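Letter 5 of the sequence shown, counting from 1, is numbered 5 in my numbering, and no numbers are missing. Working notes, structure below.
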Amino acid sequence: MDRSAEGSSKSQPSLEGSNLNRQILNLAIPALGALIAEPLFRTIDSAMVGHLGTEQLAGLALSSTILMTAVGIFIFLAYSTTSITSRAVGAGKVAEGLKAGIDAMWLALILGVVVATGMILWAKQIVVWFDPDPVVVPHAMDYLQYSAPGLVGMLVVLAATGTLRGLLDTKTPLYVATAGAAVNAGLNAFLIYGLDMGIAGSGLGTAISQTLMGLALVIVVVRGARRHDVDLTPSFGGLSEATVAGIPLLIRTLTLRLAILATVAAVTRAGAIALAGHQVVNTVWSFAAFALDALGISAQALIGYSLGQNNPKQTHALLKRITLWGVGTGALIGVILIVTSPFLPWIFGTDPQMHHAAMRGLWVAGAFQVLAGFVFMMDGVLIGAGDNRYLAIAGVLTLVAYLPALWAIVTYFDQVAGGPGTAATGLSVDQQTTALVWVWIAFAGLFMAARALTTGLRARGTKWMNLTDKEDA
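In structure tokens form, the structure reads like this:
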């Protein structure tokens, strides 16, 4: 961070020709390590908890989705900070970008404490709201309550990481994420098996690791801020600006998380096998999505930097190049997922029924990776441009298109099982597998297609290039 903060004011990255490809990769590859920190934690948790039993894995599937929703809702802490900081750096105002990051970290701390407290106090009510199989409830509650304190650290990680990305430094978050994953694996193994805490040990180990990651990144950003004589105390104006700037992205993120929650709710109603299989598919999808989002992070930082330099021609070239990278990478990931689909479920347990359901879900997830690659690139471009209001509107439109299709699938399988609300206990294993497949066709196909249409049409125009940090379309 110290080096990147200084370097940003002394050197100008090249965004032309082959140098553009190199710059994209230099940002995207380290960004991938930081992005996968949270899903990596959940994968480690899933692999270890899966060997405790299918009911425990199903409980983890539900509670981890709730926790990921809490983290995902506040992703604006990273995205808006990246955009603001990268524009400031492009205009030669590094200290201004760092101050925005400091204020974002204070906001993250406040939000983290509030959300974590709510998760701990109302864990049972939150879990029961999803109407899971009764055998899943205690396991979901244990993981949720023990893992919730780590939300404070994760929100701080978001704000600090956004600041570093804006400074075109994605390596520091990579180092912290790698160390955090290693600590998480060791702690989970010790607490789950060594102390025989079961799924609660998995949640506690993850919470500790996330807290340590947050502390590490705070130290790094604070050192850079001091080097540039940036005030470290929170300012009311800065907190207000960070909140206002994040509201449209918060709305956009809420629509995404509502879609994911609705997807989990639909699978939960199909039964424990479908839910356990969904955990496998969703975990793998998360890794693929974060790999694509690493390229999207490059788009955010470089688009913001280019707009800060007021260089439309360079920005257009960047848009075309990052789109090609996203579609090509999506195609490659899709092939890998389909080829490895018979083997990936073994990482998460030994239940052959779960394997059967997960493998078919992975086929669907792999088939739509090209579409996902395009979507993530368009998101990165528009976020980097600060086109937040449009993204919020587009998010609402895509949710409106998706929910009726999901409702139709749930209604159909309720009828197959014998009536409303009977699917969770009335579907056979094969029927649960079929339900899982159709839910993923709706999510990876219809929902992602709606996102591609709304963001793609916007990116084809030029209005998003003429925004400022305080202007929206």
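Idealized CB from N, CA, C, for every residue including glycine. If you're wondering where the values come from, they're calculated on a predicted model, not measured in any experiment.
What is the DSSP secondary structure of Ala385, counted as helix, strand or coil? coil
Alpha-carbon to alpha-carbon, Ser147 and Leu168: 31 Å
Return yes when the Cβ of Leu187 is within less than 8 Å of the Cβ of Ile208, no when it is not. yes
Tell me which residue opens and which closes the alpha helix (DSSP H) that Lys463 is part of. Neither: Lys463 is in no alpha helix (DSSP H) and is coded neither H nor E.
Closest by CA to Thr340, which one among His355, Val327, Thr329, Gly328? His355
Cβ-based burial, Phe443 [other Cβ within 10 Å; buried from 16]: buried
Could you name each continuous alpha helix (DSSP H) segment of 4 residues or more that falls completely within the region 141 to 205, going from the start of the chain to the end? 150 to 166, 171 to 189
How would you write the range of the alpha helix (DSSP H) that Thr233 sits in, first residue to last? That residue, Thr233, is in no alpha helix (DSSP H); it is neither H nor E in DSSP.
Please classify Trp440 as buried or exposed, where buried requires at least 16 other C-beta atoms within 10 Å of its C-beta. buried
Are there 16 or more other CB atoms within 10 angstroms of the CB of Pro134, so buried, or fewer, so exposed? exposed
Got a sec, what are the start and stop residues for the alpha helix (DSSP H) Arg321 sits in? 312 to 340
Would the region 87 to 98 and the region 140 to 158 be scored as touching if the rule is three or more Cβ pairs under 8 Å? no
CB of His278 within 8 Å of CB of Leu436, strictly: yes
Applying the 10 Å Cβ sphere with the 16-neighbour rule, what's the burial state of Val364? buried
Ordered along the chain, which non-local residues of its own chain (more than five positions away) have a Cβ less than 8 Å from that of Ala452? Leu371, Phe374, Val375, Met378
Helix, strand or coil: how does DSSP classify Phe376 here? helix
Any idea if Ala294 is buried or exposed, counting beta-carbon neighbours within 10 angstroms, 16 or more meaning buried? buried
Identify, in the order they occur along the chain, each residue of the same chain with its Cβ nearer than 7 Å to the Cβ of Thr255, setting aside the five sequence neighbours on each side. Gly395, Val396, Thr398, Leu399
Among Val267, Trp106, Tyr79, which has the Cα closest to the Cα of Thr253? Tyr79
Measuring alpha carbon to alpha carbon, tell me which of Ile336, Gly456, Ala265 ends up nearest Ile476. For residue 476 there is no data in the structure shown, the boundaries of the chain being 1 and 473.
Going by alpha carbons, who is nearest to Gly162 out of Ser46, Ser86, Arg226? Ser86
Are the C-beta of Val89 and some C-beta of chain B separated by less than 8 Å? No chain B appears in this structure, which consists of one protein chain only.
Distance check for Thr43 and Lys470, CA to CA, integer angstroms please. Bear in mind that the predicted position of Lys470 carries a pLDDT of just 42, short of 50, making it unreliable; the figure below should be weighed with that in mind. The alpha-carbon atoms of Lys470 and Thr43 are separated by roughly 39 Å.
Exposed or buried, Asn310, counting other C-beta atoms within 10 Å across all chains shown (16 or more means buried)? exposed
What does a CB cutoff of less than 6 Å around Leu191 pick up in its chain, not counting 5 residues either side in sequence? Met197, Gly201, Leu204, Gly205
How many Å lie between Lys10 and Arg458 at the Cα? The pLDDT assigned to Lys10 is 41, lower than 50, so where the model puts this residue is not dependable; a value taken from the coordinates is nonetheless given after this. Each residue's alpha carbon lies about 34 Å from the other.
Taking 8 Å as the cut-off, decide whether the C-beta atoms of Gln369 and Ala317 are in contact. no
What separation, rounded to the nearest whole angstrom, lies between the Cα atoms of Ala385 and Ala262? 30 Å
Identify the continuous alpha helix (DSSP H) that holds Arg269 and give its terminal residues. No alpha helix (DSSP H) holds Arg269; DSSP gives it neither H nor E.
Within this structure, are the beta carbons of Ile483 and Gln314 separated by less than 8 Å? Summary: the structure shown does not reach residue 483, with the chain confined to residues 1 through 473, and so no result is reported for it.
Can you tell me where the alpha helix (DSSP H) with Ser80 in it begins and where it stops? 76 to 90
Where the alpha helix (DSSP H) containing Val127 begins and where it ends: 123 to 128
Buried or exposed, going by whether 16 or more other CB atoms sit within 10 Å of the CB of Thr468? Confidence in Thr468 is poor, its pLDDT being 49 and thus under 50, which makes the residue's placement unreliable; the coordinate value appears in the next sentence. Classification for Thr468: exposed.
Answer with buried or exposed for Ala5, where buried requires no fewer than 16 other C-beta atoms within 10 angstroms of its C-beta. For Ala5, the predicted structure reports a pLDDT of 47, less than 50, and the residue's modelled location is therefore unreliable. The matter cannot be settled from this model.
Which two residues bound the contiguous alpha helix (DSSP H) that contains Trp438? 429 to 440
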